[in-house]
Every structure is written in C-alpha cells, then in structure tokens.
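Numbering (this note's numbering), first residue to last: 155 to 343. Ideal Cβ positions, reconstructed from N, Cα and C, are used throughout, including at glycine. Here the structure comes first, spelled out in structure tokens, and everything after it is commentary.
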Amino acid sequence: ETAIIERYRRRESSVEEALIEMYLAGVSVRRVEDITEALWGSKVSPANISELNKKAYVHIEDWRNRPLQGGRYPYVYVDGIYLRRNWGGEYENVAILVAIAVNEDGFREVLGAAEGMKEDKASWVSFFQWLRGRGLDGVKLIVGDKCMGMLDAVGEVFPEAKYQRCTVHFYRNVFSVVPRTKVRIVAKM
Numbered sequence: 155e156t157a158i159i160e161r162y163r164r165r166e167s168s169v170e171e172a173l174i175e176m177y178l179a180g181v182s183v184r185r186v187e188d189i190t191e192a193l194w195g196s197k198v199s200p201a202n203i204s205e206l207n208k209k210a211y212v213h214i215e216d217w218r219n220r221p222l223q224g225g226r227y228p229y230v231y232v233d234g235i236y237l238r239r240n241w242g243g244e245y246e247n248v249a250i251l252v253a254i255a256v257n258e259d260g261f262r263e264v265l266g267a268a269e270g271m272k273e274d275k276a277s278w279v280s281f282f283q284w285l286r287g288r289g290l291d292g293v294k295l296i297v298g299d300k301c302m303g304m305l306d307a308v309g310e311v312f313p314e315a316k317y318q319r320c321t322v323h324f325y326r327n328v329f330s331v332v333p334r335t336k337v338r339i340v341a342k343m
C-alpha cells in the first residue's frame, strides 16, 4: 500500500508542478481548466490554481531573499528590463531590476530581481542596498547601461567599485543613430 500511495503522491506532485508552470508561463486560468478537463476529464478549479500559485510564490520569495553564500562577487552585471504584464485584462509595462554576478571562482549566479521599480537613482539605491543586506560584498566592477540613476547609485552604495558601460548597450546606442546603409561599415570598426 505504501508504494502505491507514494507513486500517486509523486504523480500528484508532478501534476501540480505542471499546473504551476502553465500559469507562470502566462496560460490563463480558464485555459488551464480546459487543459485539465481534456487530460483528466475534470477541471481544476481557480481556487486550486490559486493555492498552487501561493506555494510557488513562497518558493520564489525564499529564493529572492536567500542569503548570498560567501557574498564575494567581484563582477556584477545589472540592468533594468521592461516586461508587459497582464493583471485582470489590464496591460502595463513593468520594470524589473536584475543583477547577475560572477563569484571569485568564476561562476555566474543570478543574485536577484526586483519588480515594480524604476530605473531612477532611488530604485537602484534600494535594489543595491537589498543585495548588500543579503550579503553581497567584494564588488570590484559593476557593468550596466549608462542610466544616470544607476551611475549615481553605484557611487553611493558601492563607492569602492569601478563602473563599466555594457558594450551591448553601447553598440545598440551607436547603431540606433547610424543609417542602415552604414551599419555594416560601422560594425567592422
């Protein structure tokens, strides 16, 4: 009996994971209901999907607030990305500040992502202080775009670190003002 119960428990767990993945991938609750009805002959209720999402968000928050083990990351890459989010049929652009670092052993790690911020000085200071509060230390170089708010925040929170403009952002900015007929020539320079 134990083996049978364990097998169904594993199956239930994988079904829950699949439902969470669908929802997080942007599949609507109504569509998840339709998919589960087609697969199993019965719908998963919106309340069940909501409960599963609460479980997922607990894990996400645990990851977001985890202590940075060792804490020493000499190289930190930061950027603000904008995504369209749908809340109740309303679409809005949301800024997410992201930090990816290289530790002393040369391994990359996503340090954190914070939603609902702007790319202004106050948001970057808050984001950097949050990372520092979780244990970020030993920063020698921060790489990012040339956002003035970010530059000021780096100087305030990590005064010992040097700043380098991201070459991808630099080239995007250059190519945005170069005539299309000249892009290949400029790219070879």
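Does any residue of chain B bring its CB to less than 7 angstroms from the CB of glycine 298? Of the protein chains in this structure there is only one, and it is not chain B.
Evaluate the contact criterion for the segment 212-227 versus the segment 283-295: three or more CB pairs, one atom per stretch, below 8 angstroms. yes
Going by C-alpha to C-alpha distance, which of Gly303, Ile174, Arg220 sits closest to asparagine 202? By 1-based counting over the sequence shown, the position of residue 202 is 48. The shortest Cα separation from asparagine 202 among Gly303, Ile174, Arg220 belongs to Ile174.
Under 7 angstroms between C-beta atoms of glutamate 269 and valine 248: In the sequence shown, residue 269 corresponds to position 115, counting from 1. In the sequence shown, residue 248 corresponds to position 94, counting from 1. Against a cut-off of 7 angstroms, the Cβ pair of valine 248 and glutamate 269 comes out as a contact.
Tell me the rounded alpha-carbon separation between aspartate 306 and arginine 220. Translated into positions along the sequence shown, residue 306 becomes position 152. Translated into positions along the sequence shown, residue 220 becomes position 66. Going from the Cα of aspartate 306 to the Cα of arginine 220 covers about 26 angstroms.
Go ahead and pull the three-state DSSP assignment for aspartate 188. As a working note, residue 188 is residue 34 in the sequence shown. Aspartate 188 falls in the helix class under three-state DSSP.
What do you get for alanine 255, buried or exposed, if any count of 16 or more other CB atoms within 10 angstroms of its CB means buried? Working through the sequence shown from its first residue, we reach residue 255 at position 101. Buried, since its Cβ has 16 or more Cβ neighbours within 10 Å.
For glutamine 318, write down the residues that DSSP places opposite it in a beta bridge. Taking the first residue of the sequence shown as position 1, residue 318 is located at position 164. Bridge partners of glutamine 318: Val297.
Are there 16 or more other CB atoms within 10 angstroms of the CB of phenylalanine 261, so buried, or fewer, so exposed? The residue you call residue 261 lines up with position 107 of the sequence shown. Its Cβ having fewer than 16 others within 10 Å, phenylalanine 261 is exposed.
Which residue from Thr321, Met271, Val340, Arg326 puts its Cα closest to that of glycine 303? The residue given as residue 303 occupies position 149 in the sequence shown. Selected option, being the one with the closest Cα: Met271.
Neighbourhood of phenylalanine 329 by C-beta distance below 8 angstroms, restricted to the same chain and skipping five residues each side: To locate residue 329, count along the sequence shown from 1; it is residue 175. Closer than 8 angstroms at Cβ, skipping near neighbours: Val337, Val340, Ala341.
With a floor of 4 residues, list each alpha helix (DSSP H) that falls wholly inside the segment 187-231, ordered by position along the chain. 200-218
Is the segment 230-247 close to the segment 295-302, with three or more CB pairs under 8 angstroms? yes
Taking methionine 302 as part of the alpha helix (DSSP H), name the residues at either end of that continuous run. In the sequence shown, the residue the question calls residue 302 occupies position 148. Unbroken alpha helix (DSSP H) run through methionine 302: 302-311.
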